[in-house]
Amino acid sequence: MKITKYIHSCLLFELDGQQILFDPGKFSFNEGLVQPEVFKDVSVVLITHDHPDHLDVVALKKIVALRQAVIISNREVAAELKKHGLAVQIHEEGPLELGAFQLHAIPVQHEAILDSPLPQMTAWLVNDTVLNPADSFAHNLLQFAGVELLILPVTAPFLTELVVADFALKMRPQQILPVHDGYIKPFFVQQRYENYGPYFEKHGITFHRLAEPGAAITLT
Numbered sequence: 017m018k019i020t021k022y023i024h025s026c027l028l029f030e031l032d033g034q035q036i037l038f039d040p041g042k043f044s045f046n047e048g049l050v051q052p053e054v055f056k057d058v059s060v061v062l063i064t065h066d067h068p069d070h071l072d073v074v075a076l077k078k079i080v081a082l083r084q085a086v087i088i089s090n091r092e093v094a095a096e097l098k099k100h101g102l103a104v105q106i107h108e109e110g111p112l113e114l115g116a117f118q119l120h121a122i123p124v125q126h127e128a129i130l131d132s133p134l135p136q137m138t139a140w141l142v143n144d145t146v147l148n149p150a151d152s153f154a155h156n157l158l159q160f161a162g163v164e165l166l167i168l169p170v171t172a173p174f175l176t177e178l179v180v181a182d183f184a185l186k187m188r189p190q191q192i193l194p195v196h197d198g199y200i201k202p203f204f205v206q207q208r209y210e211n212y213g214p215y216f217e218k219h220g221i222t223f224h225r226l227a228e229p230g231a232a233i234t235l236t
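Residue numbers for the sequence shown follow my numbering, beginning at 17 and rising by one.
This is the structure in structure tokens:
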């Protein structure tokens, strides 16, 4: 399974010729570093929650039009996208089979922010090996402790590096793919990685420094 990061929390999963996409948000597209046409072979787009850094409606419309990709999300996202003429397959909890991908949806709470109320949010387990918690460090995610790869928010208004480290060590993944860093300068992304990387590696966890758009890892 190949996972490619396209800035912030936008992740492309590829397996056995199939592609699914998580959270194409505005930070991926607003500087022109990534174009929606990159995702011409995506068959399914999964949106974790209705925040613009995870959901760029203009880009999403272009992606869906490329090959009539299916959008999967929760009721709140579906209601918002309906206003823009986009249909959503609602799936909020439990298993979901998508060809080569065996997914499991987990309702989670967004970490505390000034915005109120918090958005409805869905985390996803992919093929029992990758956990995408969205913007959540919720306690119910600990049932997946020991997962092979943890998608980990490493910068955000709602976290500190101590909160990040605490959650990651409780999750005990074999590997970490850092996300949610698309709103900071590239030099600061690198600085953050140089801080997190040695710390997690000291605890026996591989930390993947995916800083450039289109950087990827492959799980075997």
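Using N, Cα and C, we set each Cβ at its ideal position, and we do this for glycine too.
Where the beta strand (DSSP E) through residue i begins and ends
i, result
"S89", "V86 to S89"
"V124", "F117 to Q125"
"K18", "K18 to K21"
"E113", "G110 to L114"
"V146", "V146 to N148"
"I233", "A231 to T234"
DSSP-derived helix/strand/coil call for residue i
i, result
"P172", "For the record, residue 172 in the displayed sequence is Ala; it is not Pro. Coil."
"M137", "strand"
"Q35", "strand"
"E210", "helix"
"Q190", "coil"
"A94", "helix"
"L178", "helix"
"A103", "coil"
"L166", "strand"
"F203", "helix"
"L226", "coil"
Sequence-distant residues of its chain with Cβ nearer than 6 Å to residue i (five each side left out)
i, result
"V73", "H100"
"I5", "Nothing can be reported for residue 5: it is not among the residues displayed for the chain, which extend from 17 to 236."
"L37", "L28, F55, V58 and V61"
"R188", "A161 and G162"
Beta-carbon contacts of residue i that lie in its chain and below 7 Å, excluding the five residues immediately before and after
i, result
"H126", "H65, L134, P135, M137, D151 and S152"
"P173", "I129"
"E96", "D66"
"N143", "M17, F117 and Q118"
Bounding residues of the alpha helix (DSSP H) (the contiguous stretch that carries residue i)
i, result
"V74", "V73 to R83"
Residue burial classification, residue i (beta-carbon count within 10 angstroms, cutoff 16)
i, result
"T20", "buried"
"L158", "exposed"
Close Cβ partners of residue i (< 8 Å) along its chain, the five nearest in sequence each way excluded
i, result
"Y199", "H24, F43, D69 and T171"
"V195", "K21, H24, S25, L27, I167, L168, P169 and V170"
My parser needs the alpha helix (DSSP H) runs of 4 or more residues fully inside the stretch 42 to 77; what are they?
42 to 45
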